[in-house]
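J.: Below you will find the structure I want to go over with you.
2 protein chains.
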Amino acid sequence: MKKLTALSLSFLAFQNLIAQDQPNIIVFLVDDMGLMDTSLPFLTDADGNAQRHSLNDWYRTPNMERMAEQGVRFSTFYAQSVSSPSRTSIMTGQNATRHRTTNWINSENNNKTEFGPTDWNWTGINKNTITLPQVLKGSGYKTIHVGKAHFGPIGTEGENPLNVGYDVNIAGCSIGEPGSYLGENGYGHIKGNKSRAVPGLEKYHGTDTFLSDALTLEANHEIDKAIDENKPFFLYLSHYAVHAPFNADKRFIENYQKSDKDEKTKSFATLIEGMDKSLGDLMDHLQAKGIADNTLIIFLGDNGSDAPLGDEKGHFSSSPLRGKKGSEYEGGMRVPFIVSWGAVNHTHPNQMKLSIKPGSIQSQLGTVMDLYPTILSVANVKSPQKHIIDGFDLATQLSGKINQERPNKFLMHFPHEHRGSYFTTYRDGDWKLIYYYNPEWPERPYCELYNLKSDPTEIHNYASTKSKLVRKMIADMVSQMDSEGALYPEDANGNIIRPIY
Amino acid sequence: MKKLTALSLSFLAFQNLIAQDQPNIIVFLVDDMGLMDTSLPFLTDADGNAQRHSLNDWYRTPNMERMAEQGVRFSTFYAQSVSSPSRTSIMTGQNATRHRTTNWINSENNNKTEFGPTDWNWTGINKNTITLPQVLKGSGYKTIHVGKAHFGPIGTEGENPLNVGYDVNIAGCSIGEPGSYLGENGYGHIKGNKSRAVPGLEKYHGTDTFLSDALTLEANHEIDKAIDENKPFFLYLSHYAVHAPFNADKRFIENYQKSDKDEKTKSFATLIEGMDKSLGDLMDHLQAKGIADNTLIIFLGDNGSDAPLGDEKGHFSSSPLRGKKGSEYEGGMRVPFIVSWGAVNHTHPNQMKLSIKPGSIQSQLGTVMDLYPTILSVANVKSPQKHIIDGFDLATQLSGKINQERPNKFLMHFPHEHRGSYFTTYRDGDWKLIYYYNPEWPERPYCELYNLKSDPTEIHNYASTKSKLVRKMIADMVSQMDSEGALYPEDANGNIIRPIY
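So the sequence lines, in the order shown, correspond to chains A and B. In short: position in the first sequence from 1, add 5, done, that's my numbering. In short: position in the second sequence from 1, add 5, done, that's my numbering.
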């Protein structure tokens, strides 16, 4: 404290500095947003420089660009391929193999599929789960949930964010998608899918307030309250956008009118731009309130793109990457990830914990499991000892360095039937194995092997020519899965289908 | 004959009509020429119209375009993925499974690879093989071989085209590639790879006559001799071009100078253009001699492209198709195929046998096995009864119709190690199965499954999700292979590795 002079701090920042020795933390989570659904380029060339692709020229996300100018972004950030596994990993720091919510949660029933593991965690998070907001709350943070929760089905504890560590819940419940994005439709209460109506935003019903905007207004209001209460806050602003239904956000439709793309694709782009405006409004609000320099923002998507541009296996929605939401290819699991900490570096002592170089790009991989240890580290909060964490503290990587202790590995396990079915993907260095259990012919499992360095778009399958490597990678994959407690698919007689090698 | 008037025929054509009731037949075979190595588009859209791709804009083959304007071309014509199997199929009408020359013939030794079948036909064709020229010769044709023979290794009967049905042989022996294309180098005798020196063109040694040109001059001279002898001729003009070495043909280098492509790629393009000039010179010569209307020309490549543009598995050399020479993908086995019969239709009664619509495109598949039955049919010659033919008479298809009796199937068997190793591909309708024997892990064979209709570039592999179809296709594939006498790879102990399903 002695090192700081009043000259180096604005009065407001000084005021908040006195009040807090824990930084505010915001997780800005976008549903179904993939790596390419933005005008901000994340992919890099061999020298680590950002490379624009055609989708970057199609979308408009000026506020993501602004955030990236101030912060650091990751070229290679992995989520699970569908929402619930990712969200449970964010909340717990654990891989889906361990928390066992390996499929998306159906808000009405057990979403077990034909050969899916009987004991998969279809109810998601409950009161006994150790979660990020719960731990932060126990250390003095005000924990605020705004938007999509979807932590557990209807009738379970996880249905209510207040049961899993949040002090405040706005608009979150068991549903994973909104009945409507339109205030005119009451977000599903007046018109749209009523079983998926968004709760708790009654004051906007009948107005022209788009859902993304309503959530932002509410989030900013909650920030004001936390400031008034003189408490550091953890805000989990979890947009329903850009999940289906692809309602057009009319504030932005003009920007896409001239294109010859179809209406659904244009509407999707307006959803993206509306979500981006929310980010801008939030950043402006932090600035106006003088707390930007003491607020860490983490922006990310929860699974690969669901842009309505083509099928799950092709190079469409995440082009040039292959695949989209639900698939085993990179486009199914690569998401945008940006971290910023105020517009100006090093004016607040909390910022010293990280040394983020404005506009930098980190190419070492990160994953959704890393948020839990990273946020607790920044907040100076210890995780309960008994709680196993699969993620890594990103502090070194956020500071622009390579974390030498981090293996270049990512294992994603999806023992269910969905867009891509009954597979585990295992990245180790440049190689990525996709293991398909093939439950209808379990004695003939199926593998693909890609070199992500030479072939980032996953076209050249080496499985037929690199048997030794395939066997070794399956062995390593199984070893990791067993150590994490993975549940395997089951055949028609209920027998467990373990990988064969 | 009564229907024809002198007015409708030139004097020369009339003269030859009187002289012959069997048409002349030319097989213009280009070594290593794939479907996309030409300015003539072969690929079609859903309506069957030709679609240009970037490689069509790179290469220059005006004479192929001219031939196609007069004739019919096939969008989907299959060869084997390497030279010797294709050439043996052309000569015999049999699939490689049956003639068992399943790998390329090494002119010096048995080219068996580690897990390749012991009994594969590494010596190729011999005096006892029933061949196309042999049958034609027995029916009054003068059979002329000019260019690359490569029917058998050095020291075998197949080394000499005169042993396998040809009356005349110019420049053919056991070699599959020329020591040099340059007259200055004596085609390898003076400079270049002497063990692959091209025989019998001594008069051009030391001149600037490019090999493709020398072969054309010789072929035209042989045509003149056949006219003088008043005999119908079968000319097998088998260019060494465009096989490696990629010597630049300086007559055309200026056309590619401005490009920023590398020198090897430019040289390859000159080899293509030089080969195309040969086609033009040949067509001009037939016209000048007044026999164009009684001469059927069949133009084709013998395997997928070997253009030096990228690896075997990618979308480079045959772009937009995947793969190149030696590979299991379409780019490895799709070749140009054009048939024309004079510039003007129906002026010669022999032409009535076919009704070729100028500039038409046939999209039903054809294969190299079809040349034998098609040519014999056009020539009104019967194949020996005991000789099994796997190909189909193309008469219906050349006339622009669909042959309803022809199954939409193509089976290619490659039980050797090469660029693509130990595989069988089996196309049945829109689906294409690739079965990899995986001899280093034989209990885990590997399959890929593509839908060539929705995914002609073979990116979306359905093998992991369509087990039933994969099993059925393997069963059908094995049934066909066994009926054709296919030899399977052998494991390290010499045990036969049969497909498992």
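A virtual CB, placed ideally from N, CA and C, is assigned to each residue, including glycine. Owing to the predicted nature of the structure, the values given are computational and were not obtained by experimental measurement.
Alpha carbon to alpha carbon, what distance is there between Glu227 (chain B) and Asp26 (chain B)?
T.: For the purposes of this step, residue 26 (chain B) is taken as residue 21 along the second sequence, with counting starting at 1. For the purposes of this step, residue 227 (chain B) is taken as residue 222 along the second sequence, with counting starting at 1. Straight-line Cα distance between these residues: approximately 20 Å.
J.: Tell me, which residues are paired with Met417 (chain B) by DSSP?
T.: In the second sequence, residue 417 (chain B) corresponds to position 412, counting from 1. Paired residues: B:Thr430.
J.: What residues are listed by DSSP as bridge partners for Trp446 (chain B)?
T.: What you label residue 446 (chain B) is simply residue 441 of the second sequence in a count that begins at 1. Partner(s): none; Trp446 (chain B) has no beta bridge.
J.: Which one or two residues does DSSP pair with Phe273 (chain A) in a beta bridge?
T.: On the first sequence, position 268 is the one that residue 273 (chain A) refers to. Paired residues: none, contrary to the question.
J.: In the DSSP assignment, find the alpha helix (DSSP H) that holds Glu227 (chain A) and state where it starts and stops.
T.: Taking the first residue of the first sequence as 1, we reach residue 227 (chain A) at position 222. Element bounds for Glu227 (chain A): Leu216 to Asp233.
J.: Which residue wins for smallest C-alpha separation from Ser89 (chain B), given the options B:Tyr431, B:Lys414, B:Ile175 and B:Ala154?
T.: The sequence position of residue 89 (chain B) within the second sequence is 84, counting from 1. The residue with the shortest Cα to Cα distance from Ser89 (chain B) is B:Ala154.
J.: Using only the alpha-carbon positions, how far apart do Gln390 (chain B) and Ser365 (chain B) sit?
T.: Within the second sequence, numbered from 1, the residue matching residue 390 (chain B) stands at position 385. Within the second sequence, numbered from 1, the residue matching residue 365 (chain B) stands at position 360. In a straight line, the C-alpha of Gln390 (chain B) is about 34 Å away from that of Ser365 (chain B).
J.: Taking 7 Å as the cut-off, decide whether the C-beta atoms of Leu326 (chain A) and Gly319 (chain A) are in contact.
T.: As a working note, residue 326 (chain A) is residue 321 in the first sequence. As a working note, residue 319 (chain A) is residue 314 in the first sequence. Result no, Cβ atoms of Leu326 (chain A) and Gly319 (chain A) do not sit closer than 7 Å.
J.: Can a CB atom of chain B be found closer than 7 Å to the CB of Arg503 (chain A)?
T.: Here residue 503 (chain A) is taken as the residue at index 498 of the first sequence, counted from 1. Closer than 7 Å: no.
J.: Is Val77 (chain B) helix, strand or coil when you go by DSSP?
T.: To locate residue 77 (chain B), count along the second sequence from 1; it is residue 72. Strand at Val77 (chain B).
J.: For Ser472 (chain A), decide whether its Cβ has a neighbour in chain B, counting only Cβ atoms nearer than 7 Å.
T.: Numbered from 1 along the first sequence, position 467 holds the residue referred to as residue 472 (chain A). True, the Cβ-Cβ gap to chain B drops below 7 Å.
J.: Is the shortest distance between the beta-carbon of Ala51 (chain A) and the beta-carbons of chain B less than 7 Å?
T.: Position 46 of the first sequence, counted from the start, is the residue given in the question as residue 51 (chain A). No - not a single Cβ of chain B is within 7 Å of the one on Ala51 (chain A).
J.: Is the beta carbon of Arg103 (chain A) less than 7 Å from the beta carbon of Trp125 (chain A)?
T.: On the first sequence, residue 103 (chain A) is found 98 positions in, with the first residue counted as 1. On the first sequence, residue 125 (chain A) is found 120 positions in, with the first residue counted as 1. Going by C-beta atoms, Arg103 (chain A) is not nearer than 7 Å to Trp125 (chain A).
J.: Mark Lys147 (chain B) as exposed unless 16 or more other C-beta atoms lie within 10 angstroms of its C-beta, in which case mark it buried.
T.: In the second sequence, counting from the first residue as 1, residue 147 (chain B) sits at position 142. Buried, since its Cβ has 16 or more Cβ neighbours within 10 Å.
J.: Measure the beta-carbon distance from Thr118 (chain A) to His418 (chain A) and round it to whole angstroms, keeping in mind my assumption that it falls under 8 Å.
T.: Working through the first sequence from its first residue, we reach residue 118 (chain A) at position 113. Working through the first sequence from its first residue, we reach residue 418 (chain A) at position 413. That belief does not hold up - the Cβ atoms of Thr118 (chain A) and His418 (chain A) are roughly 14 Å apart, past 8 Å.
J.: State the DSSP-derived secondary structure class of Lys153 (chain A), mapped to helix, strand or coil.
T.: Counting from one through the first sequence, the residue named residue 153 (chain A) turns up at place 148. Coil.
J.: Distance, Cα to Cα, Pro504 (chain B) vs Glu495 (chain B)?
T.: Sequence index remark: in the second sequence, residue 504 (chain B) carries index 499 (1-based). Sequence index remark: in the second sequence, residue 495 (chain B) carries index 490 (1-based). Between Pro504 (chain B) and Glu495 (chain B), the C-alpha separation is close to 12 Å.
J.: If you measure between the beta carbons of Ile443 (chain A) and Arg449 (chain A), is that distance less than 7 Å?
T.: Mapped onto the first sequence, residue 443 (chain A) falls at position 438. Mapped onto the first sequence, residue 449 (chain A) falls at position 444. Reading off the sequence, residue 443 (chain A) comes out as Asn, not Ile. In contact: Asn443 (chain A) and Arg449 (chain A) (Cβ atoms closer than 7 Å).
J.: Nearest CA to the CA of Asp50 (chain B): which residue from B:Asp460, B:Asn498, B:Thr134 and B:Asp481?
T.: Along the second sequence, one-based indexing puts residue 50 (chain B) at 45. Per the Cα distances, B:Asp460.
J.: Got a sec: is the Cβ-Cβ distance from Asn225 (chain B) to anything in chain A below 7 Å?
T.: Position 220 of the second sequence, counted from the start, is the residue given in the question as residue 225 (chain B). Taking Cβ atoms only, chain A never reaches closer than 7 Å to Asn225 (chain B), which makes this a no.
J.: Quick one: does Asn443 (chain B) have its CB under 7 Å from some CB of chain A?
T.: Here residue 443 (chain B) is taken as the residue at index 438 of the second sequence, counted from 1. Yes - at least one Cβ of chain A is within 7 Å of the one on Asn443 (chain B).
J.: Hey, is Trp446 (chain A)'s beta-carbon within less than 7 Å of any beta-carbon in chain B?
T.: For the purposes of this step, residue 446 (chain A) is taken as the residue at position 441 of the first sequence. Interface residue, yes.
J.: On a CA-only basis, which of B:Ile479, B:Leu222 and B:Leu399 is nearest Phe79 (chain B)? Give me that one, please.
T.: One-based indexing of the second sequence puts residue 79 (chain B) at position 74. Ranking B:Ile479, B:Leu222 and B:Leu399 by Cα distance to Phe79 (chain B) puts B:Leu399 first.
J.: So, does the segment 369-380 of chain B touch the segment 59-71 of chain B, judging by three or more C-beta pairs under 8 Å?
T.: Result no; under three Cβ-Cβ pairs closer than 8 Å.
J.: Which same chain residues, not among the five before or five after Gly315 (chain A), have their C-beta less than 8 Å away from its C-beta?
T.: What you label residue 315 (chain A) is simply residue 310 of the first sequence in a count that begins at 1. Excluding positions up to five away in sequence, the list reads Phe321, Ser322 and Lys329.
J.: Does the segment 220-235 of chain A touch the segment 262-273 of chain A, meaning 3 or more C-beta pairs lie closer than 8 Å?
T.: As far as the Cβ criterion goes, the segment 262-273 of chain A does not touch the segment 220-235 of chain A, which means the pair count is below three.
J.: Our contact map puts Gly425 (chain A) next to Gly347 (chain A) with C-beta atoms below 8 Å; I'd like the distance itself, whole angstroms only.
T.: Taking the first residue of the first sequence as position 1, residue 425 (chain A) is located at position 420. Taking the first residue of the first sequence as position 1, residue 347 (chain A) is located at position 342. Not confirmed; about 40 Å, so no contact.
J.: From what residue to what residue does the beta strand (DSSP E) around Tyr241 (chain B) run?
T.: Translated into positions along the second sequence, residue 241 (chain B) becomes position 236. Here the beta strand (DSSP E) through Tyr241 (chain B) covers Phe238 to His244.
J.: Which one or two residues does DSSP pair with Tyr441 (chain B) in a beta bridge?
T.: For the purposes of this step, residue 441 (chain B) is identified with residue 436 of the second sequence, where counting begins at 1. DSSP, once it has assigned bridges, lists B:Phe428 and B:Tyr451 as partnering Tyr441 (chain B).
J.: Can you give, in chain order, each stretch of the beta strand (DSSP E) that sits fully within the segment 164-212 of chain B and has at least 3 residues?
T.: Entirely contained in the segment 164-212 of chain B, the beta strand (DSSP E) runs reaching 3 residues are, in chain order, 173-175.
J.: Tell me the DSSP bridge mates of Ile303 (chain B)?
T.: Locating residue 303 (chain B) in the second sequence gives position 298, counting from the first residue. Answer by DSSP bridge pairing, in chain order: B:Val32 and B:Val344.
J.: Let's see if you can read the secondary structure: which residues bound the beta strand (DSSP E) around Ile366 (chain B)?
T.: Translated into positions along the second sequence, residue 366 (chain B) becomes position 361. Element bounds for Ile366 (chain B): Ser365 to Gln367.
J.: For the alpha helix (DSSP H) containing Val483 (chain A), name the first residue and the last one.
T.: What you label residue 483 (chain A) is simply residue 478 of the first sequence in a count that begins at 1. Val483 (chain A) -> alpha helix (DSSP H) spans Ser472 to Glu489.
J.: Examine the Cβ distances between the segment 182-189 of chain A and the segment 133-145 of chain A and report whether three or more of them are shorter than 8 Å.
T.: At 8 Å Cβ cutoff, the stretches do not touch.
J.: If you follow the alpha helix (DSSP H) that Asn54 (chain A) is in, where does it begin and where does it stop?
T.: Position 49 of the first sequence holds residue 54 (chain A). From DSSP, Asn54 (chain A) is part of no alpha helix (DSSP H); its letter is neither H nor E.
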